[in-house]
Structures are given as structure tokens and as C-alpha cells.
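Visitor: In our numbering, the protein residues as written are 1 to 154.
One structure follows; several queries about it will come next.
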Amino acid sequence: MVRVVLGALWINEGVIKLRAGFGGADILLVADGAAANPRVPEYFQVFASTILHGQAGLFGVVTPLVEVGLGVALVAGILTAPAALASLATLLMYWSSDQLVEEYPVMALLSGLVLAFAASCSRIGATGALIRLLRARHSAVVAVLERPGLRRWL
């Protein structure tokens, strides 16, 4: 349930950006604001003034797509732990740019919970269903996929 709620929040964030026509101009606002903001860490100021500013159009397209993609992966239960880790990393990047939205702390907490209980969170989902489907025909593959160290990341 936590995984699905987190996914729904990400889908909502991405859809809002897509409907609003989010793009390069929005990224430039973030980049320019971060470069001049003393609360923004130096590493992000450098990133904002060089890479983010130089590739604003690309980031303007990719940002909402990443958000929707994270949401779909989490709702469907596809590679749950990597999706939760990417969720947390994305939120940390947003915080580094001093772009704090009131949902982000909740989303970070949910990401942490999904990461902490990744194996349980992924049992009911696409990855778990695929493993159950493979179990009948490809037991050797399933034996590898269900190793505790690997299964946690699926």
C-alpha cells in the first residue's frame, strides 16, 4: 500500500508538470534561483549554473517523464527497491535546489519505508508476478532471482 501511495504521488507530480507545460523555462528559473541562493549547497550551485542551465530544455522534458515513470514503476511494483532509491535521490536533488514542496517530506518517508521493506513491498506487483510465472518453467532462473541479496532489489 505504501508503495502504491508513493507511486500515485509521483504520478500526480509529473502530470501536474505535463499539464502546466513544464519545460526549459521552468528549469532555468530553478537553475538561476539555485545559483544565487545561499541556502543551496555549493555542489548544486555548480551543477545548476553549468549542467542544468546548459541543458534546460532536456531537463524540462525529462523531469516530468521521470516523475511519471517513477510513479508507474512504484504502482506496478516494477523493480521496487531501485524505484524507491531513485525516488529518494530525486527528492534529495529537489531539496538541494531549495525547491521544497509540502509533499516531499512525506514522499521521502514513504521512499524510506519502501526501501526498508522492499522485499515485502514487491511481493504483490509485476516483479513478484513475473517470478511466480517463471517458477513453473525456469526454476534455475528463479533460484537466482530469489537469492536474499538480489530479491531485495527486485
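Don't be surprised by glycine CBs; every beta carbon is placed ideally from N, CA and C.
Can you give me the Cβ contacts of A126 inside the same chain, cut-off strictly under 8 Å, excluding the 5 residues immediately before and after it?
Guide: Excluding sequence positions up to five before and after A126, its CB lies within less than 8 Å of the CB of A76, G77, I78, all in the same chain and listed in chain order.
Visitor: DSSP state of E8, grouped into three classes?
Guide: Correcting the residue identity first, residue 8 is Ala in this sequence and not Glu. DSSP places A8 in helix when its eight states are reduced to three.
Visitor: Less than 8 Å between the beta carbons of V155 and G14, yes or no?
Guide: For the chain, the structure presents residues 1 to 154; residue 155 sits outside this window and is missing.
Visitor: Is it buried or exposed, I27, if we count other Cβ atoms within 10 angstroms and call 16 or more buried?
Guide: Under this definition I27 is a buried residue.
Visitor: Quick one: residues in its chain with C-beta nearer than 7 Å to the C-beta of R39, no 5 flanking neighbours on either side, listed in chain order?
Guide: The residues are D98.
Visitor: Entirely within the stretch 121-153 and at least 4 residues each: give me those alpha helix (DSSP H) ranges in chain order.
Guide: 126-137, 139-145, 148-151
Visitor: Applying the criterion that 16 or more other CB atoms from any shown protein chain within 10 Å of the CB defines a buried residue, is P64 buried or exposed?
Guide: buried
Visitor: Three or more beta-carbon pairs under 8 Å between the stretch 78-87 and the stretch 136-150, yes or no?
Guide: no
Visitor: By DSSP, does S97 sit in helix, in strand, or in coil?
Guide: coil
Visitor: Keeping to the same chain, check which residues put their C-beta closer than 8 Å to that of R19; ignore five residues upstream and five downstream.
Guide: none
Visitor: For S122 versus T90, is the C-beta spacing smaller than 8 Å?
Guide: Against a cut-off of 8 Å, the Cβ pair of T90 and S122 comes out as no contact.
Visitor: Using the three-state DSSP reduction, which class does R3 fall into: helix, strand or coil?
Guide: helix
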